[in-house]
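In the working numbering, each residue's number is its place in the sequence shown (first place is 1) plus 95.
Even glycine gets a Cβ: it sits at the ideal position worked out from N, Cα and C.
Small disclaimer: the values here were computed from a predicted structure and weren't measured.
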Amino acid sequence: MVKLWCGVCGDADIFSVDIQLSQDVETLQVAIANKYKDVINRVPVLSGRLKLYFAGTKDGDKTMWLADDGNAETLLRGQIDKKYERMFSSCTLEKYFGAEFQPGREQIHVLVELPQISAGITSETPVTAQAQQISSIDDDDWTSEWLSEFRMSQIEPQDLPSLGKLAEFTESELQVKIPIQDRLRGQWLAKMDVPNPGLINKLFRIDNEKPCLTLVNDVIRRVVKPVKTDFVIDGLSDRDTSRGSSTGLNRPDFIFIVDSVCVFRGEEKAPGFPIENPKQELVTKLDWTYGKVPYLLGYAAVSYHIALCAITCEDDAVSATELGRYDLQSLEGRFQWLLAILNVARLFKSLACLCPDSARGEFRRINRNHGITIYFDHSSVFKLFPEELYQNAKHHVEAVYDVLERHKVPHVDSLVRKTTKENTLVFKPRGEERKPANLVELFQALVNVLEALVKLHAASWMHRDIRWPNVMKRLDANSWFLIDFMDAAKSPQNGSSDFHLTKEEHAPEIFQDNGHHTTAVDVWAVGLLIRKSRIDEWNDKGKERTKFLNDLMQEDPLKRPTAQEALAQLRQLEQAYNQPQCGKGKKRQRRK
């Protein structure tokens, strides 16, 4: 058990949580949410909506922690610095802190971003207004208690209903029913064309002392009065606001994302279309990257009529199986829809858990500085620019990618389309933003980056912004590639890019008086990749790997190796690492 000190951005609260490093980040989220509510006496929040960040930065073999000093409160009043790494729910704490971690005094180990803040300033996909309301419930009733119990009723992966039993499951009574006042039940029954107490009883239980007033007022009334397909569960929802555009962004009309996986989607058509049209789009607009997950879920809607579907893939053929139809013109139909949605919501977490990495990150949206927005689909990256920036960005990117193509630079993405009407540039492939997990993978990633730099530098160009966020792992292979050439330039240059280069992540000569710099800045950045990889095995206690890192990051750029020299040295280090050591067991696993 260790004591982690947590700082809440926005509120500037600092408190500790006791936890085992073997537990996952999700457990820490729950502990922080409980502490925030009970000890700090703040408004309760859903644990899954907390974003956690590792409040340490690597300096060689040391971790420099955020200090709990006089400056901490001021820092916590602002936004979270991008240098701090996001901690994902499914990962263990040991991955971030290491098995031997022991907290020191006057340190902050975890930064906490509240949902109210994240909806306004971060780069992740925004939740709907309804979800924001539920995230910040004023618990003068019992909605938070019901939400906590409902989330605990999720179906485990091994207990997921089969496709054949899924329709029956959607009609089953809730395991955790919603407490309501008796008078409200009576009002609803009186408004039905044919009273259906059995349906009401599947959803609700009578509790006049502890009713879920907030849930009923903010969510359920929206379902049973106007047509509304959003619902209360721990995830992110979004709508396609650019339907009819020609960007090629093949987004469903509605998406619901859990743990970075789109587990639920919707397709909608105006009155007059047969419901088979949006139902077919559930299939045609989906490329199956979800591995062996038994099914995904979605809906097809035309006007007030909705079909709930299970989406499956067998022998590379995707199909949609209808589970039920709902007429939202009737109150009974709306309650049937609510029951079905709350039931399938219990499956989402496990469905996301069963999906491979290739399914994660689809439809993610990132808001960058200067009004630039980045979207993803299963295979492409879409960069949308403000009109005043698009032409300059387009001309720059065209010039850079022409160099990459003419000089056959390997391990880089490609510019595949330019859409002036939507101010959009489209790139392929979409990669996975993941650091290497071990030394074998780190060697692979570094070799790939240096192989790209050898060709790029030979053409007298430099990338200038090599960081792990710009080094993607391929989804279909154990290799990495460079992206984001927006700061690329011919070498040499005087002065830094005016976009976003920072002293912490870029070579020092860029920020000197005249800013004169060359391709050596990319070599320095490769050294920083090693430092920030957090692969402890790289440290050979002052031997060859340590010397190589120090050479890459020499303050004097003339003393750094060229990319060609660095690549040759790296391959020697990799070969030495992979060689069997006499009497010391089997050969280490080679990279593929």
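Considering only V271, P451, L308, Y390, the residue with the shortest C-alpha distance to P256 is Y390. For E546, the enclosing alpha helix (DSSP H) begins and ends at 534-553. Per DSSP, G102 is one residue of the beta strand (DSSP E) stretching across 97-104. Beta-bridge partners of V353 (DSSP): V356.
Your pair R455 and I469 does not check out as a contact, with CB atoms roughly 16 Å apart and the cut at 8 Å. For C404, the enclosing beta strand (DSSP E) begins and ends at 400-409. DSSP assignment within the segment 253-289 yields the following whole beta strand (DSSP E) runs of 3 residues or more, N-terminal first: 273-275.
For N462, DSSP records a beta bridge to T468. Scanning L623, G393, L170, T657 for the CA closest to the CA of K530 turns up L623. Rounded to whole angstroms, the gap between the alpha carbons of S586 and W633 is 31 Å. Within the same chain, Cβ atoms closer than 7 Å to the Cβ of Y399 are found at V322, D422, L423, Q424, the five residues on either side in sequence being excluded. Where K374 is concerned, the enclosing alpha helix (DSSP H) starts and stops at 371-379.
Counting only runs of 3 or more residues that sit fully inside the segment 476-509, the beta strand (DSSP E) segments are 476-479, in chain order. For L391, the enclosing beta strand (DSSP E) has its first and last residue at 391-397.
Look at the beta carbons and you see the segment 426-435 touching the segment 275-290: at least three pairs across the two are nearer than 8 Å.
Note on H465: under 16 other CB atoms within 10 angstroms of its CB, so exposed under the neighbour-count rule.
Taking a C-beta distance under 8 Å as the contact criterion, V621 and I578 do not qualify as a contact pair. Judged by DSSP in its simplified three-state form, V521 adopts strand.
In the three-state reduction of the DSSP assignment, E650 falls in the coil class. For R420, the enclosing beta strand (DSSP E) begins and ends at 412-422. Residue pairing by DSSP places A584 opposite M557 in a beta bridge. Per the DSSP secondary-structure output, Y672 pairs with nothing in a beta bridge.
Look at W237 here: in three-state DSSP terms it is coil, with no helix or strand label. If you draw a 10 Å sphere on the C-beta of P373, you find 16 or more other C-beta atoms in it, and that means buried. Residues Y394, Y421 of the same chain have their beta carbon placed closer than 6 Å to that of I401, with the five preceding and five following residues left out of the count.
Between L381 and V413, the beta carbon gap of about 6 Å places them in contact (Cβ cut-off 8 Å).
For W432, the enclosing alpha helix (DSSP H) covers residues 426-440. Approximately 37 Å separates the beta-carbon atoms of N438 and L479; this is outside 8 Å, ruling out the contact. In the structure shown, W160 adopts extended strand secondary structure according to DSSP, grouped into three states.
Between the segment 641-649 and the segment 532-543 there are fewer than three inter-stretch CB-CB distances shorter than 8 Å, so the stretches are not counted as touching. Around S453, the same chain offers T384, L570 as residues with beta carbons nearer than 6 Å, after the five sequence neighbours per side are excluded. Under the DSSP assignment, L446 falls in the alpha helix (DSSP H) whose first and last residues are 443-449. V549 places its beta carbon less than 8 Å from that of L662.
Spanning the alpha carbons of Y672 and F538 requires a straight line of approximately 10 Å. Restricting attention to beta strand (DSSP E) runs no shorter than 3 residues, the segment 610-657 encloses none.
When secondary structure is reduced to three states using DSSP, W575 falls in the strand class.
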